[in-house]
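Quick notes on the structure that follows.
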Amino acid sequence: MKSRFSFALLLVVLCSTLSLSAAATPSRETWAGSATLPDGGSLPLELEVFTEPYGKTANVRSPAQGVQNIPVTELTSDGQHIAMTLPTLGAQLTLNHDGRGCLKGELKQGIALPVELCPVAGLSTDDYLADLSDSIEAQPDLAFRSADGTWLSGTLYRNMTKPLQTVAIIAQGSGPVDRDGSFGPHKLYRNFALNMATQGIAVFVFDKRGVRRSGGDYASAQVEDFAADLTAAYDYIQQQLSPAHLGLIGHSEGATVVAITASETQPAFVIALGGVGLNGIDAIVLQDKTESLAKGASPTEAAQLQAIARDYYRIVVESESADQRRKRGEQLLASLSPEQQEVYQRFGAATYTLALENINDATLYSILATDPTLYWQSVCAPALILNGDQDVQVPAAENTGGLAVAIDACEHPLSKVQVLKNYNHMFQRTDDGNVELYHQLPDGLGQDVSEIIARWIFSLQPQSSVSH
Numbered sequence: 038m039k040s041r042f043s044f045a046l047l048l049v050v051l052c053s054t055l056s057l058s059a060a061a062t063p064s065r066e067t068w069a070g071s072a073t074l075p076d077g078g079s080l081p082l083e084l085e086v087f088t089e090p091y092g093k094t095a096n097v098r099s100p101a102q103g104v105q106n107i108p109v110t111e112l113t114s115d116g117q118h119i120a121m122t123l124p125t126l127g128a129q130l131t132l133n134h135d136g137r138g139c140l141k142g143e144l145k146q147g148i149a150l151p152v153e154l155c156p157v158a159g160l161s162t163d164d165y166l167a168d169l170s171d172s173i174e175a176q177p178d179l180a181f182r183s184a185d186g187t188w189l190s191g192t193l194y195r196n197m198t199k200p201l202q203t204v205a206i207i208a209q210g211s212g213p214v215d216r217d218g219s220f221g222p223h224k225l226y227r228n229f230a231l232n233m234a235t236q237g238i239a240v241f242v243f244d245k246r247g248v249r250r251s252g253g254d255y256a257s258a259q260v261e262d263f264a265a266d267l268t269a270a271y272d273y274i275q276q277q278l279s280p281a282h283l284g285l286i287g288h289s290e291g292a293t294v295v296a297i298t299a300s301e302t303q304p305a306f307v308i309a310l311g312g313v314g315l316n317g318i319d320a321i322v323l324q325d326k327t328e329s330l331a332k333g334a335s336p337t338e339a340a341q342l343q344a345i346a347r348d349y350y351r352i353v354v355e356s357e358s359a360d361q362r363r364k365r366g367e368q369l370l371a372s373l374s375p376e377q378q379e380v381y382q383r384f385g386a387a388t389y390t391l392a393l394e395n396i397n398d399a400t401l402y403s404i405l406a407t408d409p410t411l412y413w414q415s416v417c418a419p420a421l422i423l424n425g426d427q428d429v430q431v432p433a434a435e436n437t438g439g440l441a442v443a444i445d446a447c448e449h450p451l452s453k454v455q456v457l458k459n460y461n462h463m464f465q466r467t468d469d470g471n472v473e474l475y476h477q478l479p480d481g482l483g484q485d486v487s488e489i490i491a492r493w494i495f496s497l498q499p500q501s502s503v504s505h
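Using my numbering, read the sequence shown as starting at 38 and increasing by one per residue.
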């Protein structure tokens with residue numbers, strides 16, 4: 038759930054606010070090159086710039102690191118110069134056209150790294166875009182506005198050989214996630230959407246605010262913003278398509294977003310995939326235990342990390358200002374014994390939630406301060422709670438148990454709780470849930486899991502309306 042991957046360098050994303058009346062046809066330009074490192078080595082970089090009806094957005098990828106999305110703000114471009122801030126990295130990227138089509142400039146993150154990018158026909162991970170069967174149509178240029186005016190962009194996947202009766206909208210897990218669910222070599226949500234569409238359930242999934250083709254500021258967004266965006270997506274699909282059955286599917290943190298949204302939208306069904314069923318601090322402290330054990334920590338070391346984490350997270354939630362939060366966090370870490378310091382450095386310092394540079398991160402605060410079960414208690418739609426028994430990020434027993442109790446507050450006879458054997462948090466088949474193995478395993482949410490979900494959705498519908 039906290040798997041906002043600890044990306045090391047780069048990117049771009051921000052929308053201007055041009056009106057639709059001034060719209061340009063969506064287009065995409067691509068560049069590839071590298072940043073020169075202090076030791077003389079190079080870090081491959083890729084840049085894509087989108088011209089949308091509502092303005093421009095951009096995205097930088099770091100192929101060697103498996104990094105495909107890092108949010109940015111303050112994007113400016115005058116035809117010769119491009120500049121942007123990378124708030125989650127504390128960095129700035131400035132580029133100038135060199136007169137022959139290439140871009141030259143620097144990435145400043147403490148030090149300045151020279152950058153050169155030149156035009157290319159396509160980027161290193163573009164091959165997947167052609168991976169569609171004849172019966173499946175992808176509509177990638179659907180744009181809608183959230184309540185605060187932010188433009189969001191998504192793709193609808195549908196089976197052209199079946200009537201469009203059922204649509205599911207996906208709320209992604211934590212981190213700067215795009216519509217495809219890109220991480221490493223994987224496209225988690227695209228893979229899932231294609232599998233669902235094959236079975237006759239259309240899927241709509243959109244880039245999070247501030248990511249790739251969506252506008253807004255990801256770095257300052259909290260769970261309530263993502264819920265407002267999901268509500269806007271629900272209203273958009275309802276107005277544009279009027280499906281007989283429109284439901285919500287949330288993965289990891291997205292399950293909480295679904296629960297918040299459900300009270301506003303009255304969906305036909307809701308699905309939690311690896312959803313959190315504990316309050317924020319308890320959920321992440323448990324995650325610290327299971328993740329550290331999966332990485333080789335002893336039970337004693339895992340318990341030590343949990344104690345450190347609980348004190349640290351209380352500081353995040355209870356501090357009255359960013360300065361106070363940072364100071365108290367530094368004091369806590371400085372007060373650790375040598376043995377505790379070793380445990381923290383080995384199993385905590387590099388994680389998103391325990392890295393000191395993230396202590397004032399708005400999303401981290403939102404995760405820790407939120408109790409998802411309070412929202413699930415108000416969900417009266419039929420709910421499918423699904424998790425894998427190898428999930429070390431949102432351990433199945435504790436979290437499915439918490440959600441089961443919560444949905445009983447407005448019990449629906451067709452709700453179901455199920456734990457799948459040998460699946461991890463990304464719903465990849467495995468007998469080892471270690472997060473460090475995610476990139477090596479095949480794509481998650483494959484045909485087997487999709488069939489389980491589709492069968493449950495169809496079981497909710499009158500037999501006369503089911504065509505699959």
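For glycine and all other residues, C-beta sits at the position ideal for the given N, C-alpha and C.
Going by DSSP, Glu338 is part of the alpha helix (DSSP H) stretching over 336 to 355. In this structure, the alpha-carbon of His134 lies about 18 Å from that of Thr88.
Gly78 places its beta carbon 7 Å or farther from that of Cys155. DSSP links His282 through a beta bridge to Thr203. For Arg137, the secondary structure class from DSSP, reduced to helix, strand or coil, is coil.
Listed in chain order, the non-local C-beta contacts of Ala184 below 8 Å within the same chain comprise Ala265, Thr268, Ala269, local neighbours out to five positions each way being set aside.
At least 7 Å separates the beta-carbon of Gly385 from that of Leu323. Going by beta carbons, Ala281 and Val240 fall outside the 7 Å limit. If you check the CB distance, Asp217 and Lys224 come in under 7 Å. Judged by beta-carbon spacing, Leu440 lies beyond the 7 Å limit of Phe464, meaning their Cβ atoms are not closer than that value. By alpha-carbon distance to Ala230, the top candidate from Arg246, Ala305, Ile207 is Ile207. If the five residues before and after Phe243 are omitted, its C-beta is found closer than 7 Å to the C-beta atoms of Leu189, Ser190, Gly191, Arg216, Ser251, Ala270, all from its own chain and listed in chain order. The Cβ atoms of Val380 and Asn424 lie no closer than 7 Å to each other.
With a contact defined as Cβ atoms closer than 8 Å, Ile404 and Gly317 qualify at about 5 Å. Assignment of Leu370 by DSSP, reduced to helix, strand and coil, places it in the helix class.
Annotation: the continuous alpha helix (DSSP H) that includes Ser496 extends over 484 to 496. Ser190 is bridged by DSSP to Ala180. Judged by their CB atoms, Val295 and Gly287 are nearer to each other than the 7 Å cut-off. The Cβ neighbour count for Gln105, taken over all protein chains shown within 10 Å, is at least 16; the residue is labelled buried. Boundaries cannot be given for Glu473, as no beta strand (DSSP E) includes it and DSSP labels it neither H nor E. Gly221 has its alpha-carbon roughly 29 Å from the corresponding atom of Thr113. For Gln117, the secondary structure class from DSSP, reduced to helix, strand or coil, is coil. In the three-state reduction of the DSSP assignment, Gly333 falls in the coil class, being assigned neither a helical nor a strand state. Secondary structure at Phe384: helix, using DSSP grouped into helix, strand and coil. For Val295, there is no enclosing beta strand (DSSP E); the enclosing alpha helix (DSSP H) covers residues 290 to 302. The beta carbon of Gln259 is closer than 6 Å to those of Ala399, Ser403 in its chain, skipping five residues each way along the sequence. Closest option to Gly333, judged by alpha-carbon separation, among Val454, Asp469, Gln276, Glu301: Asp469. When the Cα atoms are used, Gln361 and Leu179 turn out to be separated by approximately 43 Å. Contact check between the stretch 300 to 320 and the stretch 347 to 357: three or more CB pairs, one atom from each, fall below 8 Å, which counts as touching. Of the residues assessed, His462 falls on the buried side of the cut-off, its CB having 16 or more other CB atoms within 10 angstroms.
A residue is called buried once 16 or more other Cβ atoms fall within 10 Å of its Cβ, and Thr298 is buried on that count.
Sequence-distant partners of Glu376 (beyond 5 residues in either direction) whose C-beta falls short of 8 Å from its own C-beta, in its chain, are Gln341. Sequence-distant partners of Thr73 (beyond 5 residues in either direction) whose C-beta falls short of 7 Å from its own C-beta, in its chain, are Ser79, Leu150, Pro151. Following the DSSP letters along the chain, one finds Asn232 inside the alpha helix (DSSP H) bounded by residues 225 to 235. When secondary structure is reduced to three states using DSSP, Asn461 falls in the coil class, being assigned neither helix nor strand. For Ile173, DSSP records a beta bridge to Asn196.
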